[in-house]
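Trainee:
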Amino acid sequence: MNTHLIGTDVNRIDGPAKVSGAAKYAGEFFAPDMLYAYVVSASVTHGEIKSINIDKAMKVPGAVKVFTHKNRPHLPWFDRTYLDEDAPIDGSPLRPLYDARVHHNGQPIALAVAETFEAARYMATLVSIEYKALTHQTDMAIAIHEAEKVKKTNRAGIEAPPKLRGNSAEAYAAAAIKLDKEYHSPTEFHNPMELFTTTVVYNSDETLTIYDKTQSVSNSQLYVTNIFGYSKDEVRVESPFVGGAFGSALRPQHQLFLATLAAKVLKRSVRLTLTRDQMFTLCHRPETLQEIRLGADTDGTLQAIHTETFQVTSRYENYFEVIANWSGLSYRCDNVTMEESTVAMDTVTPGDMRAPGAAQGVWAIETAMDELAVATGRDPIELRLQNYADKDQNHDKKYSSKELKECYRQGAELFDWTRRKSKPRSNRRGSTLIGHGMAGGVWESPQMPAAAKASLSPDGTLTVASGTSDIGTGTYTAMAILAGETLGLPLDRIIVKLGDTELPVAPLEGGSWTISSVGTAVTEACKAVSKKVLKLAAGLDNSPLKGASLKEVEFSEERILLRSDRSRFVSLQAALAAGDGKPIVEKAKSGPSLLKQHGYKSFTHSAVFAEVEVDEDFGTVSVCRIVSAIAGGRIINHEAARSQIIGGIVWGIGMALQEEAVTDHQLGRIMNHNFAEYHTPVNADVHDIEVIFVPEVDDIVNPIGAKGLGEIGLVGVAAAIGNAIYNATGVRVRKLPITLDKLI
Amino acid sequence: MNNFQYVRAADLSGAAQFASSRDGVSFIAGGTNLVDLMKYSVVHPTALVDLNRLSLHEITDRPEGGVRIGALVTNSNLAYHPVISARYPMLSRAILAGASPQLRNKATTGGNLLQRTRCVYFYDPAVPCNKREPGTGCPAKEGANRILAILGTSVQCIATHPSDMCVAMAALSAIVQVTGPSGDRSVPLADFHRLPGEHPEIDTVLSKGEIITAVDLPATGFAGNSAYVKVRDRQSYAFALISVAAGLEIVDGFITHAGVALGGVAHKPWRSAELEQRLLVGKPANRNTWHDFQTALLDGAQGFGENDFKLKLAPVTLVRALEQAAHEGETI
Ligand SMILES: Cc1cc2nc3c(=O)[nH]c(=O)nc-3n(C[C@H](O)[C@H](O)[C@H](O)COP(=O)(O)OP(=O)(O)OC[C@H]3O[C@@H](n4cnc5c(N)ncnc54)[C@H](O)[C@@H]3O)c2cc1C
Ligand code: SF4
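Protein chains in written order, with my numbering: chain A, 1 to 744; chain B, 745 to 1076.
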């Protein structure tokens, strides 16, 4: 059986469990005697609860309790206690039920608990609340002038804009071609299919087993133990399957807090599932306004870039993401100023959402570059090549690899870019205008510290484990492929475990770093096992491997072969038979190699090409075709990688044309809080999608050379579509989403 | 969602009797709208009378040449019925332009007629809404009104009736058959839905306990020259921003008979038989005619901010639908 699967199309090893229903998600674990909870959400945007009456709710048959700020158990006062691994450093995390204050519309203000879900839901509608409403602001257009704008400060893992280079004001003033535009992107919600759910199982010894929808079991554990005064031994968090998250489950959401609180007080198991509507009261992609000034020579050579970026945050936490930096990163330019501030409003704190910051930042700069191409009469690809950067411009460091030129070339060829007519509105069929556009994409590819364990039992089955999570990205399968490659085992001999605080600690599943971090740790653990196996094999009587080093052998198809003469080998079975009958267990901790990576920066890149058809009368847009060429290092599972990119592209179609949380600013409330009205693409919106992975060798980024593909698929797509729409219609829309009213 | 009683209707008169003799009774057919409204706590029926066992599932020919559509015929069965797709193609197209296959498999003819507005405030009990709670106000007028009305609005409410099916039925001059505690009656579809006026909480002319039994289509189905054009925010699974059902009969380039209705613009499908008579019938089937008709039909249209674009979109959609209907079957 083939044990060299890297780069091939491998079906998900968890696929059968998923399609047969055997895979259990957080809301599918049961405990005897379990209670159900339902959140009561605030209907004002800013204010105080004057009174809260639960009498009627408690009369519902099956009612157990309504928790409010009045009757809650003692909770820690100190707000640092509520921090989690992904919390902004500035501000105080929301403390549900802590006091009478309402910070945002939809804030959880009470929790109904009952013997059945239906009873809890009914109770929630019977809790009557009187508020003292205070004035609020949710309109960024106004807040940007009123609110105190805060310059970016640090957030773990997130950089402030680099220092300015040269003098962008002077260079801009002197530039032959000037462009000065504002780009506006709306609030978007992650909305994974799986609703946020926590099932807290209250064990007989009063410890908790928590099944949580999370991108990090250890983060959930940290949060719960800190707040509720448990030790780590007393709280085990499991999350074997996650039905999508896209960053929304990096930070613990309030259902974890509330379900744990209820279980602890009532000494019963509790399940809490948020509704789809309540999913719109959680973190989200922040609304942004980006002012971009580009100065260039008449041939398009960039002379000045000035980006000033505003992003919304809540009033209680200064969340921010990197938006401005992307404009200064990828094009050669000596005069660059990037400024970034947050604008606090009465909303829930935003959070990382697939390619946070880059989704908006790259959209803006790649749209501006298209405008520059128009202004200078250059072809958009040529313009990009003209300004191509061989070094990370922000850090003045080398790229560990950057095959973006190859992405442009292969993408353009497959797309047949030569068909494009550079003059807008010159390609039509009846009332249909046809347009072609392109954009570049970029996302970082960091490696984080991670740990993994590998255990090879005497019968030759391997168990690899790490406390990471698989949010649908294919982590289970990737771990198995890497383990199989290292130890020469077929997939059916490999068991993968993840999503459990009993397992070695892994970083949050985010930032596209899981494959590089956890993948490396798994590989190292398996390497350590292979060393022991080799020792056993070499120790056999007349072993052909006597004296061979790990480098001199290859693990393949359950054999250990001598590289110099592959006819000489020891079977894995024979090697293990020489052992002590116990599994060979190895743990590994891996992290970025400072030595190797010194002086380098690592990114994934993409070139995205879009063909659109726009109905001239109606302004309706159809994205007929997308070609995305990706430079993402070594591809571990081609099938899963392609799926990730396709998913990102579909997100990009939504970002370009549909997604927008509509807030009623008088109420301060998001009004389209369901899937009927908050639009994301449906099948009919998605047409041809083609993905290319260009070869990219990188032995600096991490030992396995893989870069992670969770986010890059989305970056650049909205710009490519917007640029294609301009090419079709001659209308430049700088406010997403590009709905039909903006084109008629 | 509150607790409620559930009963299965055995016959029409019993069901009507049950519903008229107590408060808060709702009929349920496909449940695709009603159950959502119950879960959202927008409506709180004390009892549900399930109509599904009643024999209202047939599509039958009428002696005068039309067809009768039973109230429980599902949207899918109606759209794909050979008689409907051959003789009333605009109705098939309208239905298939709506919702999703799953919803259409459950949704019924009667339920579709009585589906409530999609105004986002109406669906959210945490906020005011005159239609849901009379007297509380209408935040939509100055708020999220992208999908709402530009014609026939009132100070109280600017909601639209969201159905696609009803727009085609209006253009086809369908008749709604109703039975109730005080007997049977027939209501032209054009008069079935009301404008919001002072009472936005009342959608239709049905009274307590009345049941829709069927919808009758006249013999004329505009099979030769008809169109349904729906403009929406995505290519499927979205309500109409503007939709137009247009049916024409054309002899020697002149219009002899017309039925044109607009959706997404008002509290009911918007049709004016009077303007059709005056500005379409007897006129040549060309752009000048469409222009005059469109201008008159949209007279008085008013935007409320977010939905201002409909003032531009409605005329071009009307013209497109009329053009398509006039040229149906022609190869371009
Ligand atoms: C996400 C979504 C998208 C949709 N998109 C579209 C769209 O694009 N276009 C469109 O036209 N529609 C759309 N719909 C609406 C759908 O067409 C309606 O929900 C459906 O037609 C209602 O039919 P039903 O049988 O399920 O009604 P039910 O939900 O059972 O009932 C609706 C109402 O009608 C009453 N009722 C039902 N039958 C009778 C009867 N025989 N006599 C008296 N009263 C009766 C009920 O009491 C209730 O008040 C969508 C719905 C959803 C949920
Ligand atoms: S338009 Fe009608 S349904 Fe919408 S908020 Fe106003 S009153 Fe309610």
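Just so it is clear, CB atoms sit at the ideal spot from N, CA and C, and this is done for glycine as well.
Considering only the alpha carbon of each residue, which of B:F1053, B:H788, B:E1067 lies closest to B:L1024?
Mentor: Your numbering for residue 1024 of chain B matches position 280 in the second sequence. With distances taken between Cα atoms, B:L1024 lies closest to B:E1067.
Trainee: According to DSSP, is A:Q311 part of a helix, a strand, or is it coil?
Mentor: Here residue 311 of chain A corresponds to residue number 311 of the first sequence, with the count starting at 1. Strand at A:Q311.
Trainee: Starting from the Cα of A:D617, find the closest Cα among B:V922, B:G1007, B:R976, B:D935 and give me that residue.
Mentor: As a working note, residue 617 of chain A is residue 617 in the first sequence. A:D617 has its Cα closest to that of B:R976, out of B:V922, B:G1007, B:R976, B:D935.
Trainee: Which one of A:L482, A:L498, A:G499 has the shortest CA to CA distance from A:L491?
Mentor: One-based indexing of the first sequence puts residue 491 of chain A at position 491. Here the closest residue by C-alpha is A:L482.
Trainee: Can you name the start and end residues of the alpha helix (DSSP H) that A:R384 belongs to?
Mentor: For the purposes of this step, residue 384 of chain A is identified with residue 384 of the first sequence, where counting begins at 1. Where A:R384 is concerned, the enclosing alpha helix (DSSP H) stretches over 380-386.
Trainee: Go through the segment 667-726 of chain A residue by residue and report every complete run of the beta strand (DSSP E) that reaches 3 residues or more, in order.
Mentor: Whole beta strand (DSSP E) segments, 3+ residues: 688-693.
Trainee: Going by C-alpha to C-alpha distance, which of A:R251, A:S455, A:D500 sits closest to A:A480?
Mentor: Position 480 of the first sequence, counted from the first residue, corresponds to residue 480 of chain A. Checking every option, the nearest Cα to that of A:A480 belongs to A:S455.
Trainee: Which runs of the alpha helix (DSSP H) at least 4 residues long sit entirely within the segment 471-505 of chain A? Give them in chain order.
Mentor: If we require 4 residues or more, the alpha helix (DSSP H) runs fully inside the segment 471-505 of chain A come out as 475-487.
Trainee: Going by the C-beta, is B:P883 closer than 7 angstroms to any heavy atom of ligand 2?
Mentor: Position 139 of the second sequence, counted from the first residue, corresponds to residue 883 of chain B. B:P883 Cβ: within cutoff of ligand 2.
Trainee: Who are B:P932's beta bridge partners in DSSP?
Mentor: Stepping through the second sequence from its first residue, residue 932 of chain B is reached at position 188. DSSP output for B:P932 lists B:I919 as bridge partner(s).
Trainee: Which residues in the same chain as B:A1010 place their Cβ atom closer than 8 angstroms to its Cβ, once the five residues preceding and following it in sequence are excluded?
Mentor: As a first step, residue 1010 of chain B is located in the second sequence; it is residue number 266 there, counting from the start. Closer than 8 angstroms at Cβ, skipping near neighbours: A893, I894, L895, G896, T897, T904, H905, L939.
Trainee: Which term fits B:N747, buried or exposed, when burial requires 16 or more other beta carbons within 10 angstroms of its beta carbon?
Mentor: For this step, residue 747 of chain B is matched to residue 3 along the second sequence. That one is exposed.
Trainee: Using a Cβ-Cβ cut-off of 6 angstroms (strictly less than) and excluding sequence neighbours within five positions of A:T45, which residues of its own chain qualify?
Mentor: Residue mapping note: residue 45 of chain A aligns to position 45 of the first sequence, counting from 1. Here the set comprises N105, H136, D346, G668.
Trainee: For the segment 721-743 of chain A, which residues have a beta carbon sitting closer than 8 angstroms to at least one beta carbon of chain B?
Mentor: If the cut-off is 8 angstroms between Cβ atoms, the segment 721-743 of chain A has T739, L740, D741 near chain B.
Trainee: Between A:T501 and A:R734, which are expected to be in contact by the criterion C-beta below 8 angstroms, what is the C-beta distance as a whole number of angstroms?
Mentor: Taking the first residue of the first sequence as position 1, residue 501 of chain A is located at position 501. Taking the first residue of the first sequence as position 1, residue 734 of chain A is located at position 734. With a Cβ gap of about 46 angstroms, A:T501 and A:R734 do not count as contacting.
Trainee: Kindly examine ligand 1 and report whether one of its heavy atoms sits closer than 7 angstroms to the Cβ of A:S20.
Mentor: Taking the first residue of the first sequence as position 1, residue 20 of chain A is located at position 20. No, the Cβ of A:S20 stays beyond 7 angstroms of every heavy atom of ligand 1.
Trainee: Specify, as a first and last residue, the run of the beta strand (DSSP E) that B:I994 falls within.
Mentor: Residue numbering aside, residue 994 of chain B sits at position 250 when the second sequence is read from its first letter. Residues 986-995.
Trainee: Between the segment 670-686 of chain A and chain B, which residues of the former have CB atoms less than 8 angstroms from a CB of the latter, in chain order?
Mentor: Correct list: M671, N672, H673, N674, A676, E677, H679, P681, V682, N683, A684, D685.
Trainee: Between the Cα of A:A110 and those of A:A358, A:A262, A:D233, spot the shortest distance and give me the residue it belongs to.
Mentor: Along the first sequence, read from residue 1 onward, the residue named residue 110 of chain A stands at position 110. When only C-alpha atoms are compared, the closest one is A:A262.
Trainee: At a cut of 8 angstroms, does the segment 183-201 of chain A reach the segment 248-256 of chain A through at least three beta carbon pairs?
Mentor: Yes, since at least three Cβ pairs between the segment 183-201 of chain A and the segment 248-256 of chain A fall closer than 8 angstroms, the two stretches touch.
Trainee: Whose CA, out of A:E660, A:I645, A:G713, A:T604, lies closest to the CA of A:S330?
Mentor: In the first sequence, the residue the question calls residue 330 of chain A occupies position 330. Per the Cα distances, A:T604.
Trainee: Select from B:Y832, B:Q900, B:N889, B:F983 the residue whose C-alpha is nearest the C-alpha of A:M671.
Mentor: Position 671 of the first sequence, counting from 1, holds the residue named residue 671 of chain A. That would be B:N889, whose Cα lies nearest to the Cα of A:M671.
Trainee: Between the alpha carbons of A:I54 and A:K70, how many angstroms are there, rounded?
Mentor: As a position in the first sequence, residue 54 of chain A is number 54, starting the count at 1. As a position in the first sequence, residue 70 of chain A is number 70, starting the count at 1. Roughly 11 angstroms between the two C-alpha positions.
Trainee: Mind listing, in chain order, the continuous alpha helix (DSSP H) runs of no fewer than 4 residues lying wholly within the segment 257-295 of chain A?
Mentor: With a minimum length of 4 residues, no continuous alpha helix (DSSP H) run stays inside the segment 257-295 of chain A.
Trainee: Taking the C-alpha atoms as reference points, what is the distance between A:E115 and A:L35?
Mentor: Within the first sequence, the letter at position 115 stands for residue 115 of chain A. Within the first sequence, the letter at position 35 stands for residue 35 of chain A. Their Cα atoms are separated by approximately 5 angstroms.
Trainee: Taking B:P826 as part of the alpha helix (DSSP H), name the residues at either end of that continuous run.
Mentor: Position 82 of the second sequence holds residue 826 of chain B. Start and end: 826-831.
Trainee: Spatial neighbours of A:L289 within its chain, please: C-beta separation below 6 angstroms, excluding the five flanking residues on both sides.
Mentor: Along the first sequence, read from residue 1 onward, the residue named residue 289 of chain A stands at position 289. Closer than 6 angstroms at the Cβ level, and outside the excluded window around A:L289, lie H184, F310.
Trainee: Ignore the nearest five residues each way along the sequence and tell me which others in A:M140's own chain have a CB closer than 8 angstroms to its CB.
Mentor: As a working note, residue 140 of chain A is residue 140 in the first sequence. Within the same chain, A:M140 has close Cβ partners E287, L289, F310, V312, V343, M345.
Trainee: Looking at the structure shown, is A:L404 part of a helix, part of a strand, or coil, going by DSSP?
Mentor: Numbered from 1 along the first sequence, position 404 holds the residue referred to as residue 404 of chain A. Helix.
Trainee: Can you give me the C-alpha to C-alpha distance between A:V701 and A:A720, rounded to a whole angstrom?
Mentor: Translated into positions along the first sequence, residue 701 of chain A becomes position 701. Translated into positions along the first sequence, residue 720 of chain A becomes position 720. Near 28 angstroms, if we compare the C-alpha coordinates of A:A720 and A:V701.
Trainee: What I want to know is whether the C-beta of B:N725 ends up closer than 7 angstroms to one or more non-hydrogen atoms of ligand 2.
Mentor: With chain B represented from 745 up to 1076, any question about residue 725 of chain B goes unanswered, as that position is not in the structure.
Trainee: Taking the beta carbon of B:F771 as the centre, do at least 16 other beta carbons fall within 10 Å, making it buried, or is it exposed?
Mentor: As a first step, residue 771 of chain B is located in the second sequence; it is residue number 27 there, counting from the start. B:F771 comes out buried.
Trainee: Span of the beta strand (DSSP E) holding A:K50?
Mentor: Here residue 50 of chain A is taken as the residue at index 50 of the first sequence, counted from 1. Per DSSP, A:K50 belongs to the beta strand (DSSP E) from 47-53.
Trainee: Determine the chain B residues that contact A:S43 at a beta-carbon separation under 8 angstroms, and present them in chain order.
Mentor: By one-based count along the first sequence, residue 43 of chain A stands at place 43. A870, V871, listed in chain order.
Trainee: Do we get a CB-CB distance below 8 angstroms when we pair A:D617 with the residues of chain B?
Mentor: For the purposes of this step, residue 617 of chain A is taken as residue 617 along the first sequence, with counting starting at 1. Yes, contact with chain B.
Trainee: Using a Cβ-Cβ distance cut-off of 8 angstroms, determine whether B:V975 contacts chain A.
Mentor: The sequence position of residue 975 of chain B within the second sequence is 231, counting from 1. For B:V975, the answer is yes, since a Cβ of chain A falls inside 8 angstroms of its Cβ.
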